[in-house]
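> The structure is given below, and queries will be raised subsequently.
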């Protein structure tokens, strides 16, 4: 019947989004409801081009598509091909227009963002004094660092009085001189969060000299002050974690730094002691007594070297003299005499080597090993050569 009914192939249903789930496959499953009834809806991934915004709980929308039966459950449901905002769509257009204007004026520029201080003493909070947001901020901030003073400005965050209340809260805490400020509230519909999309609030955040962390709604909610603030937190709890450094982390870093400082000091002391020992050694080496000892040692070493060299020279000369002695013995007349030879000379001492050098009747002197013999020449006998 559904397939044959032309009207059910192109219908538009208006209602509030509920039980919205984005599947990993890209399909979107949700329920559309009004005070009179409920219908299950699905938008397949292939039809996502017909959705220009992120579908969330509580949105008033108009869904266009077809009606058919989901055979497994035996239930009919609406297969969405396009979805537009209803009522909130006007707010969304206002949001986009203001966003473009503020971005063109430079209020979103990174150059104007203030750095969130690492360590703070006072934390300012602009939010309602009731609700989960302020409780989460106080609980997490005290858990992370109980020494941080939390100053709450109980602002009105919803309705016509919200904008001036939030602006006054920002300016009051700025004059008080807090170190960092959290501005936000818990989750809600786009109408509930709309005060944080107003120009006056955005201008107050931009003009504030204190760093501001925006924490409006849930992680999927985005407001104008998220772009203007110095830092955006997805939730109020996350804002408290970003604003307050965990004291345990500080103590751990201090302990680590102290250990490192002790190691560096010990190393420095060892180095300086080594330098002192080196200087002491140099001082001892340069002292007169040390210089005298050094010269004495050099003199002793030189004396030992001189003695060694003299001994070596004397030994060499003795060896050389022994060689000369042996050579002289070879030509010494005394050695010849000791061998049985004799030395004959005339009265004038001339050596007689030939019979022609003497004549009968001449006196000759014959030198033998143990003395001299006087002889008279009686004859001469010449031998044939």
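Residue numbers (my numbering): 40 to 424. Glycine is no exception: its CB is placed at the ideal position from the N, C-alpha and C atoms.
(1) Candidates 277, 421, 409 and 398: which alpha carbon is nearest residue 415's?
(2) What first and last residue would you give for the alpha helix (DSSP H) that runs through residue 193?
(3) Does the distance from the C-beta atom of residue 234 to that of residue 205 stay below 8 Å?
(4) So what's residue 397 in DSSP terms, helix, strand or just coil?
(5) Nearest by alpha-carbon distance to residue 203: which of 221, 162, 313 and 242 is it?
(6) The alpha helix (DSSP H) that contains residue 197, what's its start and end?
(7) Please report how far the alpha carbon of residue 288 lies from the alpha carbon of residue 174, in whole angstroms.
(8) Below 8 Å between beta carbons: does that hold for residue 84 and residue 65?
(9) For residue 314 and residue 293, I'd like the C-alpha separation in whole angstroms.
(10) Pull up the distance between the alpha-carbon of residue 162 and that of residue 170, whole angstroms please.
(11) Tell me, which residues are paired with residue 236 by DSSP?
(12) Measuring straight from C-alpha to C-alpha, what distance separates residue 195 and residue 208?
(13) First and last residue of the alpha helix (DSSP H) that includes residue 183?
(14) In the DSSP assignment, what are the bridge partners of residue 73?
(15) What are the start and end residues of each continuous alpha helix (DSSP H) run of 4 or more residues lying completely inside the stretch 251–325, in chain order?
(16) Can you tell me which of the three DSSP states residue 229 falls into?
(17) Judging by CA-CA distance, which residue of 71, 310 and 263 is the nearest neighbour of residue 146?
(18) Among 107, 61 and 176, whose alpha-carbon lies nearest the alpha-carbon of residue 279?
(19) Provide the residue span of the beta strand (DSSP E) that contains residue 55, from first to last.
(20) Starting from residue 30, trace the beta strand (DSSP E) both ways and give me its first and last residue.
(21) Among 360, 252, 266 and 269, whose alpha-carbon lies nearest the alpha-carbon of residue 276?
(22) In whole angstroms, give me the CA-to-CA distance for residue 296 and residue 219.
(23) For residue 116, which option in 96, 322, 368 and 82 has the closest C-alpha, if you only look at C-alpha atoms?
(24) Closer than 6 Å by C-beta to residue 254: which residues in its own chain qualify, once you throw out the five before and the five after it? Chain order, please.
(25) How big is the Cα-Cα spacing for residue 226 and residue 182?
(26) By DSSP's criteria, residue 357 is part of a beta bridge. Which residues make up the other side?
(27) Under a Cβ-count criterion, where at least 16 other Cβ atoms within 10 Å of its own Cβ denotes burial, should residue 245 be classed as buried or exposed?
(28) What span of residues does the beta strand (DSSP E) with residue 391 cover, start to end?
(29) Quick one: is residue 320 buried, meaning 16 or more other Cβ sit within 10 Å of its Cβ, or exposed?
(30) Just how far apart, CA to CA, sit residue 106 and residue 94?
According to the structure data:
(1) 398
(2) Where residue 193 is concerned, there is no enclosing alpha helix (DSSP H), although the beta strand (DSSP E) it sits in stretches over 188–193.
(3) yes
(4) coil
(5) 242
(6) Note, residue 197: premise wrong, no alpha helix (DSSP H); not H, not E.
(7) 23 Å
(8) yes
(9) 31 Å
(10) 18 Å
(11) None; residue 236 has no bridge partner.
(12) 9 Å
(13) 171–183
(14) 76
(15) 263–267, 275–282 and 286–325
(16) coil
(17) 263
(18) 176
(19) 50–61
(20) Residue coverage of the chain in this structure runs from 40 to 424, which leaves residue 30 outside it and unanswerable.
(21) 252
(22) 26 Å
(23) 82
(24) 221, 223, 272, 275 and 278
(25) 23 Å
(26) Residue 357 pairs with nothing; no bridge assigned.
(27) buried
(28) Where residue 391 is concerned, there is no enclosing beta strand (DSSP E), given that its DSSP letter is neither H nor E.
(29) exposed
(30) 20 Å
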